[in-house]
Amino acid sequence: MNSFTYYSPTRVIFGAKTTDQAGAAVKAHGGTNVLVLYGGGSALRNGVLDRVTKSLESAGLSYECVGGIQPNPRLSFAQKLVDKYQGKGFDFLLAVGGGSVIDTMKGVSMGLACGSPIWDFYEGKRTLTAAIPMGSVLTIAAAGSETSASSVLTNEETGVKRGVNTDFNRPLFAIMDPELTYTLPAYQTACGVTDIMMHTLDRYFSDSDTDYLTDAIGEAILRDVMDAGLLALADRSNYSARSEIMWCGSLSHNDLTGLGHGRDFSVHQLGHELSAKFDIAHGASLAIMWPAWARYCCAAGPRRFAELGRRVLNIAEPNDELAAQLTINGFEAYWQRIGMPVRFSEAPEIGILSEETLNELARRCSYYDTRVVGFFRPIGTADMLEIYRAANR
Ligand code: NZQ
Ligand code: ZN
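Position one of the sequence shown corresponds to residue 1490 (my numbering), numbered consecutively onward.
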């Protein structure tokens, strides 16, 4: 196990009806004037926003609500919010939504605390030195942004989707009320389960296979979220299943499952290019890219795949090479079972791509030949092209 520093400071307020504690939580963290952010309208329609604002009023706090954040959130919208609310005296930001709303909130915090343009932080041109205090009321278990150090935005002018990782991005609290996720459509539930699996898998394939506790935590998360995913899809108001998925979502992405080793995250990088170009949901992009990545990279360490399959999918095959193939097939079959696309032709946003587009995706993913990604099997432009080609069926 390599040396590490672990910092996960977000206070988790978990359970049914905790939504109504939003006001008290903001107050406890020093907020008095709150900018509440939400998405395309689900929080209005299902009454969550109303509960949150009532709770802010009960706590004696002033607030303003602003909605309209889209999935695969756009840089221009976040920057517009910064420009609009700069100097308006908000001392707390509260996201009511999922990764897209929370990531936008983090972008707004960057601009309000450290100035514009905020894309500088995503491009690594400037480093964050401060943040506006932030919290969230989570409405979809998926991205893990409620406790993560990341914010991911898409610059729609250049078609680049990019993340920035810094402890200044960590929210002070996360209200996780599993009942809020009962209204999620099946597709979004499945996208969330897939993203949670991938936050675990992208860390599992690392530069080390001797971090036994870290591995065991990841394997338990995978077993649990896969089982709970099926239960929640069969009965969307299954509180127990929704609870398991929600807690897995945070644990899979607060870095617990990556302690002691490097994080591969190749599949996330490959998937981000699909979301940037085709606006496909993040989880769906990952379900497509993992099988193609896994088959391409498997030869670098079939034993790792085999162990994963034996511990998570109960694969009994003693031969590592054969067990590795069964493992990849097993995850692919799970995603098909929950309604995820596993190849380009199954995603209506994508379809079969031309060789020119595949080349463009690969070149963008390698930042035009200036980086390789991954630890388990580092991949550059030529590898990325082969992986995109493998998904192009
Ligand atoms: O916009 P509304 O109307 O609210 O609808 C949303 C949206 O259409 C809907 N939804 C959310 N909660 C709901 C609901 N519908 C009914 N009932 C509810 N309770 O779900 C849709 C997806 O929402 P979104 O916030 O986009 O989902 P998710 O949490 O999956 O976030 C995805 C974004 O997070 C980024 C992804 O790249 C993507 O842009 N990620 C952020 C990470 C981070 N900051 O740590 C890590 C991840 O790897 C990921 O990259
Ligand atoms: Zn993700």
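Think of the CB as a built atom: it goes at the ideal place given N, C-alpha and C, for glycine as much as any other residue.
Backbone secondary structure at residue i - three-state DSSP
| i | result |
| --- | --- |
| Phe1449 | Residue 1449 is absent from the model: the chain starts at 1490 and stops at 1882. |
| Ala1671 | Inspection of the sequence shows that residue 1671 is occupied by Tyr rather than by Ala. Note: Tyr1671 maps to helix in three-state DSSP. |
| Arg1563 | strand |
| Gly1707 | helix |
| Gly1576 | coil |
| Ile1868 | strand |
| Glu1553 | strand |
| Arg1800 | helix |
| Thr1746 | helix |
| Thr1507 | helix |
| Gly1652 | strand |
| Tyr1701 | helix |
| Met1623 | strand |
| Arg1500 | strand |
| Ala1584 | strand |
Same chain only: Cβ atoms within 6 Å of residue i, ignoring 5 sequence neighbours per side
| i | result |
| --- | --- |
| Ser1640 | Asp1592, Lys1595, Gly1596, Val1653 and Asn1658 |
| Ala1548 | Gly1512, Ala1513 and Lys1516 |
| Gly1869 | Ser1855 and Val1861 |
| Ile1558 | Gly1528, Ser1589, Val1590 and Thr1593 |
| Trp1779 | Val1756 |
| Thr1507 | Ile1664 and Asp1666 |
Proximity test, residue i beta-carbon vs ligand 2 heavy atom, cut-off 6 Å
| i | result |
| --- | --- |
| Asp1684 | yes |
Residue i beta carbon near ligand 1 (any heavy atom closer than 6 Å)
| i | result |
| --- | --- |
| Ile1769 | no |
| Asn1881 | no |
| Pro1560 | yes |
| Leu1533 | no |
| Ser1741 | no |
| Ser1639 | yes |
| Gln1758 | no |
Beta-carbon proximity list for residue i, same chain, < 7 Å, skipping 5 on both sides
| i | result |
| --- | --- |
| Leu1797 | Tyr1693 and Thr1816 |
| Tyr1676 | Gly1828 |
Exposure label - residue i; buried when at least 16 CB within 10 Å
| i | result |
| --- | --- |
| Tyr1495 | exposed |
| Phe1493 | exposed |
| Glu1635 | buried |
| Lys1650 | buried |
Any chain D beta carbon closer than 7 Å to residue i
| i | result |
| --- | --- |
| Phe1657 | Any reference to chain D falls outside this structure, which holds one protein chain only. |
Contact set for residue i: own chain, Cβ-Cβ below 8 Å, skip 5 residues either direction
| i | result |
| --- | --- |
| Arg1826 | Leu1719 |
> Can you find at least 3 beta carbon pairs, one from the region 1839-1852 and one from the region 1673-1692, that sit closer than 8 Å?
Replying inline: no
>> With three or more C-beta pairs closer than 8 Å as the rule, is the region 1762-1771 touching the region 1745-1754?
In response: no
>> Taking contact to mean 3 or more Cβ pairs, one atom from each stretch, closer than 8 Å, check whether the region 1703-1712 and the region 1791-1811 are in contact.
In response: yes
>> For the structure I just gave you, are there three or more beta carbon pairs, one from the region 1685-1692 and one from the region 1729-1744, closer than 8 Å?
In response: yes
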